[in-house]
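Below is one structure; the comments refer to it alone.
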Ligand SMILES: Nc1ncnc2c1ncn2[C@@H]1O[C@H](COP(=O)(O)OP(=O)(O)OP(=O)(O)O)[C@@H](O)[C@H]1O
Ligand SMILES: [Mg+2]
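Protein chains in written order, with the working numbering: chain E, 1 to 357; chain W, 1001 to 1321.
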């Protein structure tokens, strides 16, 4: 099923929780809503579910406007961070509750519950109550409940946030695999960018109720359209340094106190002659070598596979992912090579990208 | 994190006699204040009451000349022709008030007021508190005005006569109706407050999940909200049964037991402290009160069974994936 949100807004009194969001979701697509806490992800999701009535705008399922459709008539399944399994029902009763309400014949109900339980490996738990299950088991049951009703649309609200890191990793893969096999259109709310990047076909980045970007994870990563996306997507985050880009003959240079970088023409000319701009470069696109910007190692954070260095170049601080075998220590003098094909430029006022606007 | 720590050799623990004594005594010390209060205010009165019920203490014997009579008072209760009538009146009073108001109306008001806007719900609930806040005498007087015999009475003068319907002395004509209504309108607010807070403390995700799963408003109440309210329901049913069993002031003020409304507690009060003959039968009254205590205990045990109290306090059995 396709989903279309058109100019969707939600106000709570004077609070604008969602502000004019427009986006389309293709059939069988897996879309993530990504943004910091309080940005309006859940509110948007609940408007899709029909729990909240939009203040303005419309929600369309396929060609049909569903604004006035009650949640129970929308054929959606939902999975919550809190699991929201009914504590007084057994696992089997939880799985079949939506089907009992819609009067699915008993034999079919049993078959569907069993199928969902088998897929999720909870067949042995059917007679338990949620209070007798671990968090991971509860989340499987919650997923099973959403799947067994055979929804047209699956809604996830941070479903993995209460699980420990390892379980989260395996559930992530499992949800993604299930979604692909079953082909159910899905919306997945998260504030964890790794979850969004690894699972979603497209990511809607939301900030203060507004849609900042709606793109694939590669595009968000390589072509951030705003300063916010550049800083929000990617871990460790992109270095953002205020510079001035000057054209000298055919060459373009980004300069600030103690910082002088030769740029490619393709990227340089879009940022030149604008006064102060913000240069962005990801830590993995900076290398330690024997040429380039001179700096001093200020902090070393071993991350296992890499060391994350904070190198001071003049009065700017640049984070770098370095090979631990270099054994760099605080106070070492180093030279940084920046991959000039990966630098980004942003307007400090409008915070828009100068490259991808 | 040190994950390779060698497991420590178990050190043999030598616990001295004094240590052991201290471990035994100190919890007791902490429990003493609460224990003393419980005994002084809960157990002692019942024991004293039971003691009195084994005597013929009354205003004619005074505190000097009474005698121990064993279970004679209880035998008298069994033989008394009023026993059956008053027991039936008590059951009728408690169950009807409980079902229709203290639980029924309380649930309805709590559910209604939590499904409308917050402010309207608050005002609506505040109205239901008024009967409880009004002094009993004033409150019952109002009801008496409502039901008073023609040509007086609000019902008669302002409702029935203008419509050309026949009038009556309503309290006398329908004593039970008035007993239940007067008590019910006071009693409902207790459950209402407890139920409202119980409903509001159900996590929002359950409410959303229920709607997404396909519940209409009634199904959500029936399958999700009510089952999650077993605790407060058990509490209110038990507590209100006990208070109704022992409460009689509204009936006393309204009918004083006329028209078959002499409930057990009122009977005990009449016999022990306020009767026509002027002989206050404290011993017999105490025996009547003891019967009430017994009924209350039995009712509480039955309720705990019915609401599966053990399941409510069950420890979760958590097991790793
Ligand atoms: N029922 C409500 N009444 C008033 N304000 C609300 C309500 N629900 C949400 N808000 C406000 O709307 C904004 C967006 O909330 P929302 O729950 O959608 O955020 P979120 O992106 O899901 O955040 P989180 O990651 O913390 O769950 C917040 O400022 C929140 O305080
Ligand atoms: Mg949220």
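For glycine and all other residues, C-beta sits at the position ideal for the given N, C-alpha and C.
Would a check of beta-carbon distances place residue 88 of chain E closer than 9 Å to chain W?
-> By the rule that beta-carbons nearer than 9 Å mark a contact, residue 88 of chain E touches chain W.
Could you tell me the distance, in whole angstroms, from the CA atom of residue 328 of chain E to the CA atom of residue 334 of chain E?
-> Looking at the backbone, the Cα of residue 328 of chain E and that of residue 334 of chain E are separated by about 9 Å.
Give the residues of chain E in contact with residue 1303 of chain W, contact being defined as C-beta atoms less than 9 Å apart.
-> The contacting residues do not exist; residue 1303 of chain W stays about 18 Å from chain E at best.
Run of the beta strand (DSSP E) containing residue 295 of chain E, from where it starts to where it stops = Note, residue 295 of chain E: beta strand (DSSP E), 293-302.
With 16 other Cβ atoms within 10 Å as the buried cut-off, status of residue 47 of chain E | Result: buried.
Could you tell me the boundaries of the beta strand (DSSP E) in which residue 1168 of chain W lies?
-> Per DSSP, residue 1168 of chain W lies in no beta strand (DSSP E) and is assigned neither H nor E.
Residue 337 of chain E - partner residues in DSSP beta bridges = Answer is E:287, bridged to residue 337 of chain E.
Pull out every residue of the region 1185-1214 of chain W whose Cβ sits closer than 7 Å to any Cβ of chain E, in chain order.
-> Residues passing the 7 Å Cβ filter: 1203, 1205, 1206, 1208, 1209, 1211, 1212, 1213 and 1214.
Look at the alpha carbon of residue 1187 of chain W and the alpha carbon of residue 1132 of chain W, and state the distance between them as a whole number of angstroms.
-> Residue 1187 of chain W and residue 1132 of chain W have their C-alpha atoms spaced approximately 8 Å apart.
Is DSSP giving residue 1248 of chain W helix, strand or coil here?
-> Note: residue 1248 of chain W maps to coil in three-state DSSP.
Which of helix, strand or coil DSSP assigns to residue 77 of chain E | Residue 77 of chain E falls in the strand class under three-state DSSP.
Whole-number beta carbon distance between residue 1146 of chain W and residue 1291 of chain W, since they are thought to touch under 8 Å | Actually they are not in contact, since the Cβ atoms of residue 1291 of chain W and residue 1146 of chain W sit about 34 Å apart, beyond 8 Å.
Is any beta-carbon of chain E found at less than 9 Å from that of residue 1232 of chain W?
-> Judged by the 9 Å Cβ criterion, residue 1232 of chain W is not in contact with chain E.
Using three-state DSSP, classify residue 1318 of chain W as helix, strand or coil.
-> Low confidence applies here, because residue 1318 of chain W scores a pLDDT of 49, under 50, leaving its location unreliable; read the following figure in that light. Note: residue 1318 of chain W maps to coil in three-state DSSP.
Sort E:243, E:259 and E:228 by Cα distance to residue 276 of chain E and report the nearest one.
-> Selected option, being the one with the closest Cα: E:243.
Inter-residue spacing [alpha-carbon to alpha-carbon] between residue 1152 of chain W and residue 1261 of chain W | Pairing residue 1152 of chain W with residue 1261 of chain W, the inter-Cα distance amounts to about 24 Å.
Could you have a look at residue 1197 of chain W and say whether DSSP puts it in helix, strand or coil?
-> It is helical.
Roughly how many angstroms lie between the CA atoms of residue 1190 of chain W and residue 1111 of chain W, to the nearest whole one?
-> Whole-angstrom Cα-Cα distance: 14 Å.
Cα-Cα separation, residue 1116 of chain W to residue 176 of chain E = For residue 1116 of chain W and residue 176 of chain E, the distance between alpha carbons rounds to 40 Å.
Looking at the C-beta of residue 1216 of chain W, does it have a partner C-beta in chain E at a distance below 9 Å?
-> So yes, residue 1216 of chain W belongs to the interface.
Please decide whether residue 147 of chain E counts as near chain W, where near means a Cβ-Cβ distance under 9 Å.
-> The beta carbon of residue 147 of chain E sits no closer than 9 Å to any beta carbon of chain W.
Chain-ordered chain W contacts of residue 54 of chain E [CB-CB under 8 Å] | Those within 8 Å of residue 54 of chain E in chain W number zero; the least Cβ separation is about 16 Å.
According to the Cβ coordinates, are residue 1125 of chain W and residue 1193 of chain W closer than 9 Å?
-> Taking 9 Å as the Cβ cut-off, residue 1125 of chain W and residue 1193 of chain W qualify as a contacting pair.
Check whether the Cβ of residue 15 of chain E lies closer than 8 Å to any heavy atom of ligand 1, and answer yes or no.
-> Residue 15 of chain E Cβ: within cutoff of ligand 1.
What is the DSSP secondary structure of residue 1002 of chain W, reduced to helix, strand or coil?
-> Annotation note: pLDDT 45 at residue 1002 of chain W (below 50); position unreliable, no value reported.
Cα-Cα, which of E:25, E:40 and E:27 is closest to residue 19 of chain E?
-> Proximity to residue 19 of chain E across E:25, E:40 and E:27 peaks at E:40, based on C-alpha coordinates.
Classify residue 1047 of chain W as buried or exposed, calling it buried when 16 or more other Cβ atoms lie within 10 Å of its own Cβ.
-> Classification for residue 1047 of chain W: exposed.
Hey, does residue 1115 of chain W have any beta-carbon neighbour from chain E nearer than 9 Å?
-> No, residue 1115 of chain W does not count as interfacial toward chain E.
Applying a beta-carbon distance threshold of less than 9 Å, which residues of chain E neighbour residue 1228 of chain W?
-> Chain-order list of chain E residues neighbouring residue 1228 of chain W: 86, 87 and 88, by C-beta distance under 9 Å.
Does the beta carbon of residue 55 of chain E fall short of 8 Å from some heavy atom of ligand 2?
-> No, ligand 2 has no heavy atom inside 8 Å of this Cβ.
Could you run through the region 211-229 of chain E and flag, in chain order, every residue whose CB is less than 9 Å away from some CB of chain W?
-> Considering only beta carbons, no part of the region 211-229 of chain E lies closer than 9 Å to chain W.
Which residues have a Cβ closer than 7 Å to any heavy atom of ligand 2, listed in chain order?
-> Sorted by position in the chain, E:41, E:42, E:157, E:158 and E:189 make up the residues whose C-beta lies under 7 Å from a heavy atom of ligand 2.
Using a beta-carbon distance below 9 Å, is residue 71 of chain E in contact with chain W?
-> Yes - at least one Cβ of chain W is within 9 Å of the one on residue 71 of chain E.
heavy atom of ligand 1 below 8 Å from residue 206 of chain E C-beta = The answer is yes for residue 206 of chain E.
Going along the chain, which residues of its own chain have a beta-carbon closer than 7 Å to the beta-carbon of residue 255 of chain E, five neighbours each way excluded?
-> By the criterion of a C-beta distance shorter than 7 Å, residue 255 of chain E is surrounded in its chain by 243, 244 and 246, once the five residues flanking it on both sides are discounted.
Using the DSSP secondary-structure output, state which residues sit across from residue 1087 of chain W in a beta bridge.
-> DSSP output for residue 1087 of chain W lists no bridge partner at all.
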